[in-house]
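Data first, discussion second: the structure below is written as structure tokens.
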Amino acid sequence: MTEKRTDQLKFAVFMTGDSNYHNAGWRLPGAYNDAGLRLDRWIEFAQTMERGKLDMLFIADGIGTAGIDNLKATRANPKVDRMEPFTLLSALASVTKHIGLAATAHTTYNEPYHIARQFASLDHLSGGRAGWNFVTGANAEDAKNFSRDSHQVHGDRYDRAEEFADVCIGLWDSYEDDAFKRDKDTGVYVDTDKLHVLNHKGKYFQVKGPLSVARPPQGHPVLIQAGMSEPARELSARVADAVFTSQPTFEEAHAFYADIKNRMDKYGRNPNDLKILPGVAIFTGRTAEEAEEKYEALSALVNPAAAVALLSARTGIDLTGVPLDEPVPELKGNDVRVSNPQLMFKLAQREKLTLRGLVQRYAAAGPHNMVRGTPSQVADQLEYWFLNRAADGFIFLPVYLPGALNDFVDMIVPELQRRGLFRKEYEGKTLRENMGLPRPENVFLKR
Ligand SMILES: Cc1cc2nc3c(=O)[nH]c(=O)nc-3n(C[C@H](O)[C@H](O)[C@H](O)COP(=O)(O)O)c2cc1C
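Here's what the structure looks like:
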């Protein structure tokens, strides 16, 4: 993977419940504090992304509310109300033409038939622009909404996710692309020689099929994985088209990139057929000082107690008794295989952060890379990661809206285009075509 790159950057945009990535983004003067449930705001964002020729609007999601037992902290948490992603993306599909529409849907408490059907429908509605972020679920509290006391064990979650993905793929391929004849003269609606009944009987699922939706325009929606643990890497290498990842430094991103791509060979896959997109939060301005001021202005709005409570909920480690202005102690959780606590602790160590500094950093960029500077300085970093194969593109985290997204589209994108690193026009009609991903063959025709 050392040859010179001839491809271009890919960009997804990370949208959360209230739409601002930064937890205090909604408090910034001029930022929207009501976008989460307002369709007109979402349409504005999607249209801005299309103006910037970005690849994908991605909606992060959970099926529970992290940290809800701490009511004092919840008062400051803008992530408690959010639109259900399929409903929102279906509305956006009808007012956009190019932008990919990706939803998060969990494999731990859902059933594959439901999810396969929803994504197939979204792919048809959008003319082939659907993407699925299939996560096992970062929020342990979700379990309590699904008749369980605790989150399924990490290894078992991934076991289930492997089988879940295979069942969905089998269901999407229930009908061959040209199965539906709808021939008025012969009376043949569907050619049943081109129908494949899955009859899946596995460890977690028994699913007969077929899916009640014709094969999606993209064959399968773009499959995105967002875990970083060992089983997550293996799952990504086997089936994912894209990987979202939190990599705070170039070195970590570079090692992760090589690791995932090297695992693909044993599954008979070409490394170019999977795009690795690390997260990046960007603070930019006409000068480096202006960019810095934007970061400071947002940091000053972070409610430290609420932010500590939220970080505790996300990492599963109680940090509420730790003094705010002292260095962060070692973060050790019950489930140390979950990547978040390890990443946050390493970050606090490397940047010599106090707990206050860590929660401000976490509010801005989570465990992701954060870049502050002029458009040219920002583009230098993105270019370096891309050319040196730490990334095939990025998942951009808009810290506040619409400002950070507008800055990205109006200041960073033109700089990347000028350098030949990013498209000036969409290449194709579907998300797969724009992302340079192959359309998958029907699995039943491979057998
Ligand atoms: C960019 C990105 C987006 C993510 N989005 C979600 C999400 O929307 N919902 C969720 O539950 N987890 C999300 N995750 C978390 C992962 O899916 C995963 O649960 C977490 O990294 C723990 O898994 P691991 O131990 O395999 O790394 C996201 C992770 C990344 C890097």
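Numbering (our numbering), first residue to last: 1345 to 1791. Don't be surprised by glycine CBs; every beta carbon is placed ideally from N, CA and C.
Residue span of the alpha helix (DSSP H) that contains residue i, given as start and end
i, result
"LYS1790", "1787-1790"
"ILE1739", "No alpha helix (DSSP H) contains ILE1739, which is instead part of the beta strand (DSSP E) from 1737-1741."
"LYS1416", "1415-1418"
"SER1438", "Where SER1438 is concerned, there is no enclosing alpha helix (DSSP H), given that its DSSP letter is neither H nor E."
"HIS1495", "Taken as a continuous stretch (DSSP letters only), HIS1495 belongs to no alpha helix (DSSP H), as it is neither H nor E."
"ASP1467", "1456-1469"
"GLN1562", "Here GLN1562 belongs to no alpha helix (DSSP H), and DSSP marks it neither H nor E."
"TYR1706", "1699-1709"
"VAL1666", "Here VAL1666 belongs to no alpha helix (DSSP H), and DSSP marks it neither H nor E."
"PRO1746", "That residue, PRO1746, is in no alpha helix (DSSP H); it is neither H nor E in DSSP."
"ALA1576", "1574-1583"
Burial state of residue i (16 or more Cβ within 10 Å)
i, result
"VAL1357", "buried"
"LYS1354", "buried"
"ALA1586", "buried"
"LEU1731", "exposed"
"ASP1517", "buried"
"ASP1679", "Note that ASP1679 scores a pLDDT of 49, beneath 50, so its modelled location is shaky; the value from the coordinates is reported in the next line. Looking at its Cβ environment, which holds fewer than 16 other Cβ atoms inside 10 Å, ASP1679 is exposed."
"GLU1670", "exposed"
"GLN1704", "buried"
"LEU1515", "buried"
"ALA1599", "exposed"
"LYS1605", "buried"
"LYS1768", "exposed"
"GLU1347", "exposed"
"HIS1442", "buried"
"LYS1619", "buried"
"THR1628", "buried"
"LEU1702", "buried"
"LEU1645", "buried"
"TYR1611", "exposed"
"ARG1395", "exposed"
"HIS1564", "buried"
"VAL1624", "buried"
"SER1494", "exposed"
"PRO1673", "exposed"
"GLY1764", "exposed"
"TYR1728", "exposed"
Nearest-angstrom Cβ-Cβ length linking residue i and residue j, presumed shorter than 8 Å
i, j, result
"ASN1483", "ALA1707", "17 Å between Cβ atoms; not a contact."
"LYS1552", "VAL1541", "6 Å"
"ASP1736", "LEU1621", "7 Å"
"ARG1504", "THR1440", "That belief does not hold up - the Cβ atoms of ARG1504 and THR1440 are roughly 33 Å apart, past 8 Å."
"ASN1477", "GLN1591", "Incorrect: roughly 17 Å between the Cβ atoms, too far for contact."
"GLY1361", "ARG1426", "3 Å"
"ALA1446", "ILE1403", "7 Å"
"ALA1449", "LEU1469", "Their Cβ separation, rounded to whole angstroms, is 16 Å, which puts ALA1449 and LEU1469 out of contact at 8 Å."
DSSP-derived helix/strand/coil call for residue i
i, result
"VAL1715", "strand"
"GLY1772", "coil"
"VAL1532", "coil"
"TYR1519", "strand"
"VAL1551", "strand"
"GLN1569", "strand"
"MET1755", "helix"
"HIS1544", "strand"
"THR1392", "helix"
"VAL1424", "coil"
"MET1608", "coil"
"LEU1539", "strand"
"PHE1524", "strand"
"PRO1671", "strand"
"THR1431", "helix"
"GLY1369", "helix"
"PHE1600", "helix"
"TYR1376", "coil"
"TYR1453", "coil"
"GLU1506", "helix"
"LYS1696", "coil"
"LEU1687", "helix"
"ASN1489", "helix"
"ASP1500", "helix"
"ASN1483", "coil"
"ASP1724", "helix"
"ASP1351", "coil"
"ASP1362", "coil"
"ARG1767", "coil"
Start and end residues, beta strand (DSSP E) containing residue i
i, result
"ASN1477", "1474-1479"
"THR1448", "1444-1450"
"LEU1401", "1400-1403"
"PHE1588", "1586-1589"
"PHE1358", "1354-1359"
Please specify which runs of the alpha helix (DSSP H), each continuous and at least 4 residues long, are wholly inside the stretch 1611-1659, giving them in chain order. 1632-1643 and 1648-1659
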